[in-house]
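Chemist: Residue numbers (my numbering): 17 to 935.
#1: With H, G and I counted as helix, E and B as strand and the rest as coil, what does DSSP make of residue 64?
#2: Can you confirm whether the stretch 644–653 touches the stretch 717–734 when touching is taken to mean that 3 or more C-beta pairs between the two stretches lie within less than 8 angstroms?
#3: Report yes if the C-beta distance between residue 184 and residue 534 is below 7 angstroms; otherwise report no.
#4: Can you give the beta carbon distance from residue 131 to residue 259, rounded, assuming they're within the 8 angstroms contact cut?
#5: Since residue 571 sits in a beta bridge, which residues does DSSP pair it with?
#6: Helix, strand or coil: how does DSSP classify residue 964 here?
#7: Please go through the stretch 183–264 and give each complete alpha helix (DSSP H) segment of 4 or more residues, from N-terminal end onward.
#8: Using CA coordinates, which residue listed in 784, 578 and 677 is at the minimum distance from residue 725?
#9: Rounded to whole angstroms, what's the CA-CA distance from residue 169 to residue 55? Just pull it up for me.
#10: Look at the alpha carbon of residue 227 and the alpha carbon of residue 136, and state the distance between them as a whole number of angstroms.
#11: Strictly by DSSP, which residues pair up with residue 647?
#12: Using a 10 Å radius around the Cβ and a threshold of 16 neighbouring Cβ atoms, would you call residue 673 buried or exposed?
#13: Three or more beta-carbon pairs under 8 angstroms between the stretch 141–148 and the stretch 172–190, yes or no?
#14: Taking residue 470 and residue 430 to be in contact with their CB atoms under 8 angstroms, please state how far apart those CB atoms are, rounded to whole angstroms.
#15: Rounded C-beta distance between residue 588 and residue 552? I'm assuming under 8 angstroms.
#16: In the DSSP output, which residue or residues are listed as bridge partners for residue 153?
#17: Okay, do the stretch 769–787 and the stretch 563–570 touch, 3+ Cβ pairs below 8 angstroms being the bar?
#18: Between the alpha carbons of residue 738 and residue 188, how many angstroms are there, rounded?
#19: According to DSSP, what are the bridge partners of residue 598?
#20: In angstroms, rounded to a whole number, what distance separates the CA positions of residue 683 and residue 247?
#21: Unbroken alpha helix (DSSP H) runs of length 4 or more, entirely within the stretch 857–901: which are they?
#22: Quick one: grab the DSSP three-state call for residue 121.
#23: Please list, in chain order, all residues of the same chain as residue 211 whose beta carbon is under 7 angstroms from its beta carbon, the five residues on each side excluded.
#24: Residues in the same chain with beta-carbon distance under 7 angstroms from residue 706, minus the five sequence neighbours each way, listed in chain order, please.
#25: Mind checking whether residue 237 and residue 43 have CB atoms under 7 angstroms apart?
#26: Could you tell me the alpha carbon to alpha carbon distance between residue 381 and residue 32, rounded to whole angstroms?
#27: For residue 727, count the other beta carbons within 10 Å of its own beta carbon; 16 or more makes it buried, fewer makes it exposed. Which is it?
#28: Taking the alpha-carbon of residue 539 as reference, which of 330, 590, 782 and 91 has the nearest alpha-carbon?
#29: Taking 7 angstroms as the cut-off, decide whether the C-beta atoms of residue 399 and residue 349 are in contact.
#30: Report the rounded CA-to-CA distance for residue 790 versus residue 689, giving the unit in angstroms.
#31: My parser needs the beta strand (DSSP E) runs of 3 or more residues fully inside the stretch 22–82; what are they?
#32: Considering only C-alpha positions, which residue in the set 369, 854 and 202 is nearest to residue 478?
#33: Using DSSP with H/G/I as helix, E/B as strand and the rest coil, what is residue 88?
#34: At which residues does the alpha helix (DSSP H) containing residue 716 begin and terminate?
#35: How close, in whole Å, do the beta carbons of residue 859 and residue 517 come, if the pair is a contact with beta carbons under 8 angstroms?
#36: Write down every uninterrupted run of the alpha helix (DSSP H) in the stretch 445–479 whose length is 4 residues or greater and which is fully enclosed by it, in chain order.
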């Protein structure tokens, strides 16, 4: 029992320490053997960066930065110092055909034979690519795609397949799906093939691995590269970072911005959770192990009595029992640490796959492992303390004869227990309300639980008053438990500790689930769905997938939707390639938000005025949950699917008139659609908040009533209205409602047919809030349940060890075997029931403390949001504390029943009559 947490603690310590890479290991996995990596930022102005290259900002800040559309970005290679050796690395995200359909994959080009690339990847099987048509794949890609070394793989849009000649892994990204090829053999041919079909080209990200020699890529060299809009990750800077005063970014933005509360949301809650769980786990081990020592002390009371009869005093008896606890703690420490280390070493590949990072090597911390071992020693010693004191106070004659004796209840202990409960609750609440401290929450919860343990003898006596209403056997068992509180209290404490942990976990998880259910925002009406393509170039695949949808699912109503198109229908929404364009819904000037019309946005307004404007209805965010569609083309079936029952809107669509759901887009009953044929000119105008160039189409619309839920749709054009306006359309997807819920088999058939087409199509169905039951929480609940059953078993052993004389007396007077089992079962069941009741009360406080910690954190974020004007002062904060009554009811029934049955089963139906001990 003591060794089990030691196994877990030592395994977790070794795993976490081994997964923590040194700075040199971390940077070697990012830049290989190079001195630095130079990355493009997308800015066209000088910038400042953090030494670790995790953040950057243009000189003057983002609020004042405006890109120059006429300025072409300088080549990234200009940032490479003169005389330095450089190796280019390029990457792009695409879809790749696999055995199962399409898989999002990163394509990378790198000279894998160059020494600077060593360390970025680890070859596993096969060989490295030597020329065109050859790639190597990560082990994750092979697993997810169903392919293998030797297979042919084809990126979508490619005219020729590539042969996988080997596999590799990225040590810090084991789950990354990636294909790697030599420079110029993968990205350029694919981009050319896409251009030939009219599809958008690749969005390629370039970087350079640089070797400069000498002292490496110094901080001054980093700042020179920053002046050319480049971001640099330097080995030398990571090893010897500059002082904060030498980092211009900190002087401009303030270092606290990069380590402020916004980056630590949930940190205190996480720390409080860990501290509380660890503290209660240690306390639980002590309370569980204590009765186990008491069982041993009861079974060896004759031997202890002989020690007293031969001149030993109380000190000797206490020392004997405490030495047993010390020995058991030492053995548990050795076995537990050895087993934890052995498990970590043996399960290293599995652990690395689970966390997605290869260890840099096993990092043994002797001081930490020794601390865990010492904790096991202290646990054994503390667990044996109460049984040692109890055994030392036992009269020698009672120990030798097996008589239990009667001791007066301690009148001071309940008072101490009550003060501990009140003090622990006050400390825990203080740690959540006035001084957010994880240690105070954990300490207060543990102190309150110890207080309830101290109150256990008094509470057991109060339980005894219920005996008058019970049948004979349970009444005898309850009165026996009350009469022998010295035996009952430790057993009740064991069950209390286990149940408190179970209740704390269940209450915390249930409260989070209730909050998540309350905050859940549905994307569509319940039972409806949306089929959509993720890329505009796949518009030709939409009609057949619509038919697949109707064929495989129980569709009641299907509303096909199209999108408005200007120019090449294969272009993405904001693509700037030749022949591309788009349609913009133009909001009337007087109805636009001033914050976003100013040249520098909110930075042009005083804080008070910006706060006031954020509450202006013109600046309010539209109610568009999920995927927002500003403008779509559909008929009146769409309103039927979206449960929009406004008769005027339905009649307008049926008559061929557009319907608007956002009053800010409408002026004098009309909306303006602007056809933009020059995306580059539109980009320049957008940078200065000027009017976008293009041809306007003014349409008369029907304004839907205010407050009508449109589920993300802003403007609906009937197909006839789009045609009359001279605006082209392309298929986009379909909204649909179901006659009944789709089964798993139906979804699998639909997904299989869509995968075989190779189209990147998404089908989602609104099913309402789904309870977030994670595997981790399930495992924790199962573990807590097993510990509870184990505690009941300890209670059973303690009851039987102390009531052995009663059972023998029953046998002597001729009681039937089932009477012995019934009495033993009820004795243990009564103890378990009392433990469950008290444990349920004790387990609520830790959960309450953790939830109040979360409330305090969320309240501070809400106040900050109200200060900035993003939230309204009357916006409610909902952090509920919900008790899982079903779980508590199950514990009240199952644990006592299980304990009673366990005791009845292990009790012998007949036993030999005992003779009185003599001498």
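Idealized CB from N, CA, C, for every residue including glycine.
None of these values were measured; they are calculated from a predicted model.
Modeler: If we stick to the structure as given:
#1: The residue labelled residue 64 in the question sits at position 48 within the chain shown. Annotated three-state conformation of residue 64 is strand, per DSSP.
#2: Because the criterion of three Cβ pairs below 8 angstroms is met, the stretch 717–734 and the stretch 644–653 touch.
#3: Walking along the chain shown from the start, residue 184 turns up at place 168. Walking along the chain shown from the start, residue 534 turns up at place 518. No, Cβ-Cβ distance for residue 184 and residue 534 is not below 7 angstroms.
#4: Here residue 131 refers to the residue found at position 115 when the chain shown is read from its first residue. Here residue 259 refers to the residue found at position 243 when the chain shown is read from its first residue. Not really, about 33 angstroms apart at Cβ, beyond 8 angstroms.
#5: On the chain shown, position 555 is the one that residue 571 refers to. Note: residue 571 sits in a beta bridge opposite 754.
#6: Because the chain spans 17 through 935 in this model, residue 964 falls outside it and cannot be assessed.
#7: The stretch 183–264 contains these whole alpha helix (DSSP H) runs: 203–212, 235–242 and 251–255.
#8: On the chain shown, position 709 is the one that residue 725 refers to. Nearest C-alpha to residue 725 among 784, 578 and 677: 677.
#9: Mapped onto the chain shown, residue 169 falls at position 153. Mapped onto the chain shown, residue 55 falls at position 39. Straight-line spacing of the CA atoms in residue 169 and residue 55 works out to 29 angstroms.
#10: Your numbering for residue 227 matches position 211 in the chain shown. Your numbering for residue 136 matches position 120 in the chain shown. In this structure, the straight-line span from the alpha carbon of residue 227 to that of residue 136 is close to 15 angstroms.
#11: In the chain shown, residue 647 corresponds to position 631, counting from 1. DSSP lists 731 as partners of residue 647.
#12: Position 657 of the chain shown, counting from 1, holds the residue named residue 673. By the C-beta density criterion, residue 673 is buried, having at least 16 other C-beta atoms within 10 angstroms.
#13: Yes: the two stretches touch, three or more of their Cβ pairs being nearer than 8 angstroms.
#14: Residue mapping note: residue 470 aligns to position 454 of the chain shown, counting from 1. Residue mapping note: residue 430 aligns to position 414 of the chain shown, counting from 1. Going by Cβ atoms, the distance from residue 470 to residue 430 rounds to 7 angstroms, so yes, they are a contact pair.
#15: One-based indexing of the chain shown puts residue 588 at position 572. One-based indexing of the chain shown puts residue 552 at position 536. Yes, residue 588 and residue 552 are in contact; Cβ-Cβ is about 6 angstroms, under 8 angstroms.
#16: Working through the chain shown from its first residue, we reach residue 153 at position 137. Residue 153 is bridged to 183 and 195.
#17: Three or more Cβ pairs drawn from the stretch 769–787 and the stretch 563–570 lie within less than 8 angstroms of each other, which places the two stretches in contact.
#18: Position 722 of the chain shown, counted from the start, is the residue given in the question as residue 738. Position 172 of the chain shown, counted from the start, is the residue given in the question as residue 188. Spanning the two alpha carbons is a distance of roughly 51 angstroms.
#19: Taking the chain shown and counting its residues from 1, the one referred to as residue 598 is at position 582. DSSP lists 692 as partners of residue 598.
#20: On the chain shown, residue 683 is found 667 positions in, with the first residue counted as 1. On the chain shown, residue 247 is found 231 positions in, with the first residue counted as 1. Roughly 47 angstroms separates the two Cα atoms.
#21: Correct list: empty.
#22: Along the chain shown, one-based indexing puts residue 121 at 105. Three-state DSSP puts residue 121 in a strand.
#23: As a working mapping, residue 211 is identified with position 195 in the chain shown. If we look at residue 211 and ignore the five residues flanking it on each side, its Cβ neighbours are 217.
#24: What you label residue 706 is simply residue 690 of the chain shown in a count that begins at 1. Once the five neighbours on either side are set aside, residue 706 has no close Cβ partner at all.
#25: Looking up residue 237 in the chain shown gives position 221. Looking up residue 43 in the chain shown gives position 27. Result no, Cβ atoms of residue 237 and residue 43 do not sit closer than 7 angstroms.
#26: Taking the first residue of the chain shown as position 1, residue 381 is located at position 365. Taking the first residue of the chain shown as position 1, residue 32 is located at position 16. Their backbone Cα atoms lie some 11 angstroms apart in a straight line.
#27: Indexing the chain shown from 1 puts residue 727 at position 711. With at least 16 other beta carbons inside 10 angstroms of its own, residue 727 counts as buried.
#28: For the purposes of this step, residue 539 is taken as residue 523 along the chain shown, with counting starting at 1. Residue 539 has its Cα closest to that of 782, out of 330, 590, 782 and 91.
#29: As a working mapping, residue 399 is identified with position 383 in the chain shown. As a working mapping, residue 349 is identified with position 333 in the chain shown. Going by C-beta atoms, residue 399 is not nearer than 7 angstroms to residue 349.
#30: To locate residue 790, count along the chain shown from 1; it is residue 774. To locate residue 689, count along the chain shown from 1; it is residue 673. With a pLDDT of 49 at residue 790, under the threshold of 50, the modelled position of that residue is not reliable, and no figure is offered here.
#31: The beta strand (DSSP E) runs lying completely inside the stretch 22–82 and spanning 3 residues or more are 52–56, 63–65 and 72–74, given in chain order.
#32: By one-based count along the chain shown, residue 478 stands at place 462. Nearest of 369, 854 and 202 to residue 478, Cα basis: 854.
#33: On the chain shown, position 72 is the one that residue 88 refers to. In the three-state reduction of the DSSP assignment, residue 88 falls in the coil class.
#34: One-based indexing of the chain shown puts residue 716 at position 700. Segment 711–716 is the beta strand (DSSP E) holding residue 716; no alpha helix (DSSP H) there.
#35: As a working note, residue 859 is residue 843 in the chain shown. As a working note, residue 517 is residue 501 in the chain shown. Confirmed, Cβ separation roughly 7 angstroms.
#36: Counting only runs of 4 or more, we get 454–479.
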